[in-house]
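**Q** My questions will all concern the structure given below.
Protein chains in written order, with our numbering: chain A, 1 to 205; chain B, 1 to 191.
Written out as structure tokens, the structure is:
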């Protein structure tokens, strides 16, 4: 999904708001939200891929202006409504006001049929695909070439797992890209690594 | 009804709905909050780094299979953190971790991510302007230091193994762990 969450390489943002020993939480309710969504995952209400995608499906203006834990809360509430645990009306009655939820999901997809295994050292290209549902391919690597520097065990395929679609688990590859290849003449030199699912890759020629 | 409910009321609403559905939240919230505040702390990663500095055989095992190596110290990782890759800094190499798509970290080892890590600014800029971003955060790297950025996009988690400060060579592990910071293990600071 080419949503607003896909922030890597976006321009116009100001300095990082860095402080030494910065905290993870700044209010009691944030801790409560963090625990509630983790509890829902542990209880099997939804999985981490569904959780991530429900954040991505937030209306872009809401996504950008919400705090991090408000996004967690919105995902948790959206999924509880979609899974039939509570209705949206009941949530708003309990909250005593409007309770904005994320938008409906586009369909997911299963593994790419022509995927193939790679080894460390292989030159690979990220397929130039546009996936409307959940996908863990940041837009900045789409169609770009790099070198495999690591291979992992097989993980659940997020494009399927976020949408209750059957799929085989897939290995992922840590792929090394040159920042100058990702953003020609428009990036500081660095090596940028992304964990890329097998279905997203093809052999570079 | 047009007014957006205050955030605390929305949190209470979803908690009430989960309770009404038969998922008893109160004990779980207490337990998970305790884990977040007391157990998932950077001190865990600091112990790992200190041991890697002091024990070359452990360092080798840590770099080969992070998840198994941290388990030797009694440190667990969640089910969806299936693999831990430890990135070794050198005097001429700086590794930096991020999550451009959300906020993923090896939180049981290096602690829950700080606010700036989850902010839009760090997520958008660290992959494209890494040297400038580090400088803004107080770490100005000489030009000969290569930067390697690692975007956390799968169930793999990363942590940085900082360069051991030379004055600490020979120190006992407990004392070494005291010089290891969370930001050093994220890779935005050098020790």
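Note that CB positions come from ideal geometry on N, CA and C, so glycine has one too.
Return the residue from the list A/99, A/150, A/193, A/160 that minimises the CA-CA distance to residue 83 of chain B.
**A** Here residue 83 of chain B is taken as the residue at index 83 of the second chain, counted from 1. That would be A/150, whose Cα lies nearest to the Cα of residue 83 of chain B.
**Q** Would you say residue 55 of chain A faces chain B, with C-beta separation under 9 Å as the test?
**A** Within the first chain, residue 55 of chain A is the residue found at index 55, counting from 1. With 9 Å as the cut-off, residue 55 of chain A counts as an interface residue toward chain B.
**Q** Roughly how far, in whole angstroms, is the beta-carbon of residue 202 of chain A from the beta-carbon of residue 127 of chain A, given that I think they are within contact range, below 8 Å?
**A** Stepping through the first chain from its first residue, residue 202 of chain A is reached at position 202. Stepping through the first chain from its first residue, residue 127 of chain A is reached at position 127. The pair is a contact, with the Cβ atoms about 6 Å apart (cut-off 8 Å).
**Q** Kindly indicate which residue of B/79, B/77, B/62 has the alpha-carbon position closest to the one of residue 85 of chain B.
**A** On the second chain, position 85 is the one that residue 85 of chain B refers to. Of the listed residues, the one whose Cα sits closest to residue 85 of chain B is B/62.
**Q** First and last residue of the beta strand (DSSP E) that includes residue 197 of chain A?
**A** Position 197 of the first chain holds residue 197 of chain A. Looking at the DSSP string, the run of the beta strand (DSSP E) that includes residue 197 of chain A is 191 to 197.
**Q** 9 Å is my cut-off, CB to CB: does residue 273 of chain B come that close to chain A?
**A** Any answer about residue 273 of chain B is impossible in this case: the structure gives chain B only from 1 up to 191.
**Q** Out of A/156, A/172, A/173, which has the shortest C-alpha to C-alpha gap to residue 210 of chain A?
**A** Since the displayed chain A opens at 1 and closes at 205, residue 210 of chain A lies outside it and no answer follows.
**Q** Within its chain, find whatever has a CB closer than 6 Å to the CB of residue 185 of chain B; leave out the 5 residues flanking it on each side and keep chain order.
**A** Looking up residue 185 of chain B in the second chain gives position 185. Excluding residues within five positions, the ones whose Cβ falls inside 6 Å are 45, 110, 159, 160.
**Q** Check each residue of the region 133 to 144 of chain B: if its Cβ is closer than 8 Å to any Cβ of chain E, include it; give the result in chain order.
**A** No chain E appears in this structure, whose protein chains are A and B.
**Q** Does the beta carbon of residue 136 of chain A sit closer than 9 Å to a beta carbon anywhere in chain B?
**A** Here residue 136 of chain A is taken as the residue at index 136 of the first chain, counted from 1. It does: the Cβ of residue 136 of chain A has a partner Cβ on chain B nearer than 9 Å.
**Q** Under 9 Å between C-beta atoms, does residue 111 of chain A make it to chain B?
**A** Taking the first residue of the first chain as position 1, residue 111 of chain A is located at position 111. So, not an interface residue.
**Q** Is residue 113 of chain A near the ligand GDP, going by C-beta to nearest heavy atom under 8 Å?
**A** Although the ligand GDP was asked about, the structure shown includes no ligands whatsoever.
**Q** Could you tell me whether the region 126 to 144 of chain B touches the region 48 to 68 of chain B, using the rule of 3 or more Cβ pairs below 8 Å?
**A** The answer is no - the region 48 to 68 of chain B does not touch the region 126 to 144 of chain B, with fewer than three Cβ pairs under 8 Å.
**Q** Check each residue of the region 13 to 28 of chain B: if its Cβ is closer than 9 Å to any Cβ of chain A, include it; give the result in chain order.
**A** Flagged, chain order: 13, 14, 15, 16, 17, 18, 20, 21, 23, 25, 28.
**Q** My guess is that residue 29 of chain A and residue 29 of chain B are in contact by the Cβ rule of under 8 Å, so how many angstroms apart are they, rounded?
**A** Looking up residue 29 of chain A in the first chain gives position 29. Looking up residue 29 of chain B in the second chain gives position 29. With a Cβ gap of about 11 Å, residue 29 of chain A and residue 29 of chain B do not count as contacting.
**Q** Residues of chain B with a CB under 8 Å from the CB of residue 48 of chain A: which are they?
**A** Counting from one through the first chain, the residue named residue 48 of chain A turns up at place 48. Neighbours of residue 48 of chain A on chain B, chain order: 80.
**Q** Comparing C-alpha positions only, which one of B/38, B/116, B/146, B/177 sits nearest to residue 14 of chain A?
**A** As a first step, residue 14 of chain A must be located in the first chain, where it is residue number 14. Of the listed residues, the one whose Cα sits closest to residue 14 of chain A is B/116.
**Q** Ends of the alpha helix (DSSP H) at residue 33 of chain A?
**A** Indexing the first chain from 1 puts residue 33 of chain A at position 33. Here the alpha helix (DSSP H) through residue 33 of chain A covers 28 to 42.
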